[in-house]
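A.B. asks:
Protein chains in written order, with my numbering: chain F, 1 to 296; chain G, 297 to 657.
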């Protein structure tokens with residue numbers, strides 16, 4: 001039960017910052033499918049930085065910083081390319097995301113994991129508390145989520161980001177700069193995705209990092225969609241999906257789960273099937289900005 | 297105005313040639329860099345290695361290595377043509393079939409179940425793969441109508457791929473012969489014997505793949521349905537004003553696209569290809585070929601043949617290059633990127649032409 005709760009919290013610490021930072025762009029009608037690429041590439045870059053010849057603590061800090069920066073740069077590049085599109089929005093956007101995600105998938109796949117440096121990095125970023133091993137990236141993720149909420153909803157900078165996501169034309173009229181206001185949103189989403197990717201690489205399931213990270217990014221998007229682009233509802237959906245993800249990871253530990261005698265794959269696919277249903281139930285053609293949906 | 301249109305066509309053709317040339321040129325640059333890093337050689341030596349071990353085999357493709365190599369390329373081209381056609385059909389209607397890999401996998405699974413497990417004749421297996429692909433396509437179309445999000449498509453695609461993999465793994469463990477399809481249940485080869493250019497895996501499926509683009513081009517050009525589809529691709533609101541039901545057309549296009557992808561999967565599975573194309577590879581290569589062809593059914597013939605040729609070349613690459621990884625990068629990454637660039641250029645050129653028309657008195 002303790003492991004289940006810790007896994008659920010870890011999933012929430014990865015999902016929530018990504019979901020909240022992807023929300024401004026989502027409210028404008030452009031869901032950030034490129035989050036998956038930022039997460040994979042950020043995770044990969046973080047692991048590479050963790051191998052630098054530094055003290056363990058320095059290497060850990062450096063890894064977190066590098067993963068965030070690489071994720072942010074990746075998201076900025078993908079977003080800028082998407083902004084240059086002159087053709088049909090859905091076609092170009094999806095092609096950009098596919099093309100950008102491919103090298104990230106390849107690099108993520110190359111980095112198999114399980115090395116001595118990785119183990120050392122994991123040990124450095126883990127604390128023991130009441131016979132439990134807790135990753136430091138868990139509170140870091142939750143604090144990051146709180147910081148993003150504060151940044152987006154309590155600062156002038158956040159207003160610029162939200163304005164850029166919701167209506168770039170209006171942001172330009174207000175003197176915020178069309179590209180600059182959008183770019184802030186991409187950077188923020190990429191930063192959280194990169195750090196989330198690093199956290200998932202260290203503490204997620206062993207093997208198949210690239211695919212499981214892409215799955216987490218899609219869960220984050222589903223939480224945004226299911227939450228109707230509102231922060232509190234997004235938090236609730238992110239928590240629900242985190243519980244399902246943790247259940248699929250720890251299914252073998254519960255006697256009632258083994259009693260059901262469902263195929264193993266059913267539990268693995270459960271959170272993604274739930275996310276798909278969520279997207280279908282809350283599927284709307286128009287973005288909240290066009291429907292004049294309030295933020296809270 | 298006619299001269300201006302010719303100028304636009306010329307400009308687009310010229311840029312298409314640049315895009316096609318960019319694929320080997322960029323590949324050569326990357327291969328040289330890799331040789332520099334991995335072999336620790338100087339620049340001239342690294343360029344030599346990249347040329348001998350990478351670029352020349354890539355350009356040669358399936359040629360010059362015996363009939364077996366060429367047969368593999370032809371068989372792959374047949375599968376890729378159907379996949380590219382599936383993506384191109386949707387592109388013409390302004391849609392992107394993100395779920396093509398899932399539809400392909402469903403086609404593979406249906407054909408395999410019919411041929412290996414239930415031991416049905418090959419034509420029943422082919423029909424089943426097409427029907428299963430069409431059903432999956434219809435599901436994607438309904439999803440597109442319902443959610444309007446590419447993320448939902450990606451999720452459904454991943455779910456389908458996982459489910460198909462699990463089904464094949466579980467059923468093949470319980471099937472005699474480990475789930476291999478007997479030769480009698482496979483699509484007959486185009487030629488007789490075992491060593492000609494038309495021997496297995498070149499089957500009647502390749503011929504069907506060659507005819508498919510012609511049929512689609514005819515329907516698209518001369519049938520009212522094809523006109524509606526192209527109108528929707530050019531301008532959705534205009535199509536709606538002209539009486540085209542956009543939602544129904546979306547589902548119809550996705551269903552037909554799924555049918556073609558399923559057929560591609562079924563044809564690949566029933567051709568006895570020693571090493572079939574995976575769903576993800578088929579999806580990405582199909583997307584690249586469709587974009588390079590500008591979504592035109594006849595252009596798909598050339599671009600998918602080029603993709604299969606490059607894939608065959610990647611298999612022949614020597615050390616220090618990994619042929620599988622190179623095929624992923626070149627056919628799955630570089631080709632879609634070039635195709636997308638070409639699409640943006642074409643749209644810009646057409647917009648410029650439209651602007652000139654509006655300015656004309």
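In this text, a Cβ means the ideal position worked out from N, Cα and C, and glycines have one as well.
Please read all numbers here as calculations on a predicted model, not as lab measurements.
Closer than 8 angstroms between beta carbons: that is the criterion. Which residues of the segment 249-274 of chain F meet it against chain G?
C.D. replies: Here the close residues are 263, 265, 268, 269, 272 and 273.
A.B. asks: For residue 538 of chain G, which residues in the same chain have their Cβ closer than 8 angstroms to its Cβ, ignoring the five residues on either side in sequence?
C.D. replies: Within the second chain, residue 538 of chain G is the residue found at index 242, counting from 1. Excluding residues within five positions, the ones whose Cβ falls inside 8 angstroms are 524 and 527.
A.B. asks: Taking the straight line between their C-alpha atoms, what separation do you get for residue 134 of chain F and residue 154 of chain F?
C.D. replies: Position 134 of the first chain, counted from the start, is the residue given in the question as residue 134 of chain F. Position 154 of the first chain, counted from the start, is the residue given in the question as residue 154 of chain F. About 31 angstroms.
A.B. asks: Check each candidate in G:309, G:555, G:542 and G:310 and name the one with the smallest Cα separation from residue 428 of chain G.
C.D. replies: Start at 1 with the first residue of the second chain, and residue 428 of chain G comes out as number 132. It is G:555.
A.B. asks: Any chance the segment 227-241 of chain F sits against the segment 57-71 of chain F, with 3 or more Cβ pairs inside 8 angstroms?
C.D. replies: Contact between the segment 227-241 of chain F and the segment 57-71 of chain F is absent, because fewer than three Cβ pairs lie under 8 angstroms.
A.B. asks: Rounded to a whole number of angstroms, what is the C-alpha to C-alpha distance between residue 602 of chain G and residue 611 of chain G?
C.D. replies: Working through the second chain from its first residue, we reach residue 602 of chain G at position 306. Working through the second chain from its first residue, we reach residue 611 of chain G at position 315. So the alpha carbons of these two residues sit roughly 14 angstroms apart.
A.B. asks: Which same chain residues end up closer than 8 angstroms to residue 640 of chain G when comparing Cβ atoms and leaving out the 5 residues on each side of it in sequence?
C.D. replies: For the purposes of this step, residue 640 of chain G is taken as residue 344 along the second chain, with counting starting at 1. Answer for residue 640 of chain G: no residue qualifies.
A.B. asks: Among the residues of its own chain, which have a CB less than 6 angstroms from the CB of residue 404 of chain G, if the five just before and after it don't count?
C.D. replies: For this step, residue 404 of chain G is matched to residue 108 along the second chain. Excluding positions up to five away in sequence, the list reads 561 and 565.
A.B. asks: Taking Cβ-Cβ distances below 9 angstroms as the criterion, which residues of the segment 222-238 of chain F are in contact with chain G?
C.D. replies: Listed in sequence order: 222 and 225.
A.B. asks: Skipping 5 residues on each side, what residues in its chain have a beta carbon closer than 6 angstroms to that of residue 203 of chain F?
C.D. replies: As a first step, residue 203 of chain F must be located in the first chain, where it is residue number 203. Closer than 6 angstroms at the Cβ level, and outside the excluded window around residue 203 of chain F, lie 10 and 135.
A.B. asks: Near residue 547 of chain G, what residues of its chain come up, given a Cβ to Cβ distance below 7 angstroms and the 5 sequence neighbours on each side ignored?
C.D. replies: Here residue 547 of chain G corresponds to residue number 251 of the second chain, with the count starting at 1. Contacts found: 434, 437, 438 and 441.
A.B. asks: Kindly indicate which three-state DSSP category residue 132 of chain F falls into: helix, strand or coil?
C.D. replies: Here residue 132 of chain F refers to the residue found at position 132 of the first chain. Note: residue 132 of chain F maps to strand in three-state DSSP.
A.B. asks: For residue 589 of chain G, which of helix, strand or coil comes out of DSSP?
C.D. replies: As a position in the second chain, residue 589 of chain G is number 293, starting the count at 1. Looking at residue 589 of chain G - three-state DSSP - the assignment turns out to be coil, as it is neither helix nor strand.
A.B. asks: Mind checking whether residue 477 of chain G and residue 412 of chain G have CB atoms under 9 angstroms apart?
C.D. replies: Numbered from 1 along the second chain, position 181 holds the residue referred to as residue 477 of chain G. Numbered from 1 along the second chain, position 116 holds the residue referred to as residue 412 of chain G. Contact: yes.
A.B. asks: Quickly, what does DSSP pair residue 127 of chain F with across the bridge? List them, please.
C.D. replies: Stepping through the first chain from its first residue, residue 127 of chain F is reached at position 127. According to DSSP, residue 127 of chain F bridges with F:134.
A.B. asks: At a Cβ cut of 7 angstroms, what residues of the segment 444-458 of chain G count as close to chain F, listed as they run along the chain?
C.D. replies: From the segment 444-458 of chain G, only 444, 445, 446, 447, 448, 450, 451, 452, 454, 455 and 458 have a Cβ closer than 7 angstroms to chain F.
A.B. asks: Can you check which of these residues, G:637, G:517 and G:648, is closest to residue 311 of chain G by C-alpha distance?
C.D. replies: Taking the second chain and counting its residues from 1, the one referred to as residue 311 of chain G is at position 15. Considering only alpha carbons, the answer is G:637.
A.B. asks: Between which two residues does the alpha helix (DSSP H) holding residue 513 of chain G run?
C.D. replies: Within the second chain, residue 513 of chain G is the residue found at index 217, counting from 1. It spans 500-518 - the alpha helix (DSSP H) in which residue 513 of chain G sits, taken as one unbroken run.
A.B. asks: Roughly how many angstroms lie between the CA atoms of residue 343 of chain G and residue 328 of chain G, to the nearest whole one?
C.D. replies: The sequence position of residue 343 of chain G within the second chain is 47, counting from 1. The sequence position of residue 328 of chain G within the second chain is 32, counting from 1. Whole-angstrom Cα-Cα distance: 5 angstroms.
A.B. asks: Which whole-angstrom value is the C-beta distance of residue 365 of chain G and residue 358 of chain G, which I expect to be below 8 angstroms?
C.D. replies: Counting from 1 along the second chain, the entry for residue 365 of chain G is found at position 69. Counting from 1 along the second chain, the entry for residue 358 of chain G is found at position 62. Right, the Cβ-Cβ distance comes to about 5 angstroms (below 8 angstroms), so this counts as a contact.
A.B. asks: Applying the criterion that 16 or more other CB atoms from any shown protein chain within 10 Å of the CB defines a buried residue, is residue 626 of chain G buried or exposed?
C.D. replies: Stepping through the second chain from its first residue, residue 626 of chain G is reached at position 330. Residue 626 of chain G is buried by the Cβ-count criterion.
A.B. asks: Which residue wins for smallest C-alpha separation from residue 17 of chain F, given the options F:70, F:143, F:117 and F:271?
C.D. replies: Mapped onto the first chain, residue 17 of chain F falls at position 17. For the residues F:70, F:143, F:117 and F:271, the minimum Cα distance to residue 17 of chain F belongs to F:143.
A.B. asks: Are the C-beta atoms of residue 151 of chain F and some chain G residue less than 9 angstroms apart?
C.D. replies: For this step, residue 151 of chain F is matched to residue 151 along the first chain. No, residue 151 of chain F does not count as interfacial toward chain G.
A.B. asks: Nearest to residue 205 of chain F by CA position, among F:46, F:47, F:239 and F:248, is which residue?
C.D. replies: As a position in the first chain, residue 205 of chain F is number 205, starting the count at 1. Taking only the C-alpha atoms, the option nearest residue 205 of chain F is F:248.
A.B. asks: Confirm, please, whether the CB-CB distance from residue 21 of chain F to residue 189 of chain F is below 9 angstroms.
C.D. replies: Your numbering for residue 189 of chain F matches position 189 in the first chain. Your numbering for residue 21 of chain F matches position 21 in the first chain. Yes, Cβ-Cβ distance for residue 189 of chain F and residue 21 of chain F is below 9 angstroms.
A.B. asks: Assuming residue 13 of chain F and residue 125 of chain F make a contact with CB atoms under 8 angstroms, what is their CB distance in whole Å?
C.D. replies: The sequence position of residue 13 of chain F within the first chain is 13, counting from 1. The sequence position of residue 125 of chain F within the first chain is 125, counting from 1. Actually they do not touch by this definition, with Cβ atoms about 13 angstroms apart.
A.B. asks: Let me check understanding here. Comparing Cα to Cα, which of G:594, G:623, G:463 and G:592 lies closest to residue 266 of chain F?
C.D. replies: If you number the first chain from 1, residue 266 of chain F lands on position 266. Residue 266 of chain F has its Cα closest to that of G:463, out of G:594, G:623, G:463 and G:592.
A.B. asks: Could one say the Cβ of residue 15 of chain F lies closer than 9 angstroms to chain G's Cβ atoms, at least one of them?
C.D. replies: For this step, residue 15 of chain F is matched to residue 15 along the first chain. No, no contact with chain G.
A.B. asks: Comparing the C-beta of residue 462 of chain G with each C-beta of chain F, is any distance below 9 angstroms?
C.D. replies: Walking along the second chain from the start, residue 462 of chain G turns up at place 166. Interface residue, yes.
A.B. asks: Quick one: which unbroken alpha helix (DSSP H) runs of 4-plus residues sit fully inside the segment 530-575 of chain G? Chain order, please.
C.D. replies: Complete alpha helix (DSSP H) runs here, min 4: 532-537 and 542-565.
A.B. asks: Please report the distance separating the alpha-carbon of residue 378 of chain G from that of residue 535 of chain G.
C.D. replies: Your numbering for residue 378 of chain G matches position 82 in the second chain. Your numbering for residue 535 of chain G matches position 239 in the second chain. Going by the C-alpha atoms only, they are around 27 angstroms apart.
A.B. asks: Classify residue 363 of chain G as helix, strand or coil using the three-state DSSP reduction.
C.D. replies: Sequence index remark: in the second chain, residue 363 of chain G carries index 67 (1-based). Three-state DSSP puts residue 363 of chain G in a helix.
A.B. asks: Just checking my contact of residue 500 of chain G with residue 594 of chain G at CB under 8 angstroms: how many whole Å lie between their CB atoms?
C.D. replies: Stepping through the second chain from its first residue, residue 500 of chain G is reached at position 204. Stepping through the second chain from its first residue, residue 594 of chain G is reached at position 298. The pair is not a contact, with the Cβ atoms about 21 angstroms apart (cut-off 8 angstroms).
A.B. asks: I'd like to know if residue 648 of chain G contacts chain F, where contact means its C-beta is closer than 9 angstroms to some C-beta of that chain.
C.D. replies: Here the question's residue 648 of chain G lines up with position 352 in the second chain. Cβ-Cβ to chain F under 9 angstroms: no for residue 648 of chain G.
A.B. asks: 9 angstroms is my cut-off, CB to CB: does residue 466 of chain G come that close to chain F?
C.D. replies: To locate residue 466 of chain G, count along the second chain from 1; it is residue 170. Yes, residue 466 of chain G counts as interfacial toward chain F.
A.B. asks: Among F:195, F:216 and F:257, whose alpha-carbon lies nearest the alpha-carbon of residue 273 of chain F?
C.D. replies: Taking the first chain and counting its residues from 1, the one referred to as residue 273 of chain F is at position 273. The shortest Cα separation from residue 273 of chain F among F:195, F:216 and F:257 belongs to F:216.
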